[in-house]
Amino acid sequence: MTILSVLVIEDTLEIGREVCDFLSAQGIQVDYAANGALGLSLAKQQHYDVIVLDVMLPDINGVAVCKTLKQSCDPVPAVLMLTARDSIADKSLGFDAGADDYLTKPFDLTELQLRCQALARRHQLHQSQTVVIGELSINEKQQLAERQGQNLKLSSTDFAILLLLVQAYPNAVSRQQLVNKVWGDEAPDSDVIRSHIYTLRQVLDKPFATAMLTTLHGIGFKLQVKS
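FYI, the numbering for the sequence shown is 5 to 231, going by this note's numbering.
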C-alpha cells in the first residue's frame with residue numbers, strides 16, 4: 005500500500021507549518037507551497053492524492069487554482085479547500101471549480117487528516133479500476149498486474165513501484181519520489197532500491213520481447229511503450 009501524499013497550498017506560514025508538521029507526524033508525505041503559482045508547479049511535477057488549498061492566496065485566487073488543477077493534472081487530485089468564509093455562495097464558487105470538500109477556518113487538525121484520508125479513498129474508487137498502458141494492465145484494488153495477458157507475480161513493494169510508474173506515465177518518477185511514496189520517512193539505501201528495480205525488471209521485462217522499464221540517468225525511471 006502506498007503512502008498518502010498531500011500538497012498544502014497556504015500563504016499563512018504559521019498555518020502551513022502547523023498543518024504540515026501534524027500530517028507528517030501521522031505518516032503522511034507532505035509538500036508545501038506558500039502561493040498558487042508554486043502550488044500549481046508542484047502539482048504538475050508529481051501526483052498528490054489530496055491538495056489542501058487555501059481560498060485566499062496572494063497571487064492567484066484559490067478558486068482559479070482549483071479549476072486549473074482539475075483541468076491540467078493527470079491523474080486529477082482530490083482538492084480540499086480551506087476558507088475563512090462559510091457562506092453557501094462562497095462555497096458554491098469552489099465546488100463549481102471542482103473542489104471535492106471544504107473546511108472552514110479555524111479547523112481541527114485531526115478532522116483535516118480524516119477528511120484527507122476519506123477524500124483519497126473516495127477519489128480512488130471513482131477512478132478506473134484497471135489502467136492499461138500498451139501490453140501492461142494493472143488493477144490497484146485487486147493488486148493485479150498483467151502483461152500480454154500473463155499474470156506478473158510481484159512483491160508488494162515491486163507492485164507499489166510499478167503502480168507509481170503507471171500513475172506517472174508517460175512522465176518519469178524520480179528516485180526521491182519513489183522513496184517518498186513507497187518507503188516514506190524510512191528511506192532505504194541505494195542498494196535496496198536497485199534490488200527492487202532489478203526484480204521488477206525480471207518479472208515485467210525479461211520474459212517479453214521488449215523492455216518497458218527504462219532508467220533515465222540523473223532523473224529516475226519511467227515506462228515506455230514501443231510503437
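We put the CB at the ideal spot given by N, CA and C, even for glycine.
Every beta strand (DSSP E) stretch that sits fully inside the segment 146-205 and reaches 3 residues is listed by chain position as 148-151. Membership of Ser141 in the beta strand (DSSP E) is indicated by the continuous run 140-143. By alpha-carbon distance to Leu169, the top candidate from Lys109, Lys74, Met60, Leu182 is Leu182.
One thing to note: Ile13 has its Cβ within 8 Å of the Cβ of Asp58. In this structure the segment 135-152 does not touch the segment 84-103; the number of beta carbon pairs closer than 8 Å is below three.
Of the residues Thr161, Leu113, Ala82, the one whose Cα lies closest to the Cα of Arg126 is Ala82.
With contacts defined by Cβ atoms closer than 8 Å, Val56 and Val23 form a contacting pair. Of the residues assessed, Gly66 falls on the buried side of the cut-off, its CB having 16 or more other CB atoms within 10 angstroms. Residues of the same chain with a CB within less than 7 Å of the CB of Leu27, apart from the 5 flanking positions on each side, are Val10, Val34, Gln117 in chain order. DSSP places Lys210 outside both helix and strand once states are collapsed to three, so it counts as coil. Looking only at Ile32, Phe212, Ala172, the smallest Cα-Cα distance to Ala124 is reached by Ile32. Of the candidates Ser141, Ala176, Leu86, His51, the residue whose Cα lies closest to the Cα of Glu115 is Leu86. Inter-segment contact for the segment 210-225 and the segment 173-189 is present: three or more beta-carbon pairs are separated by less than 8 Å.
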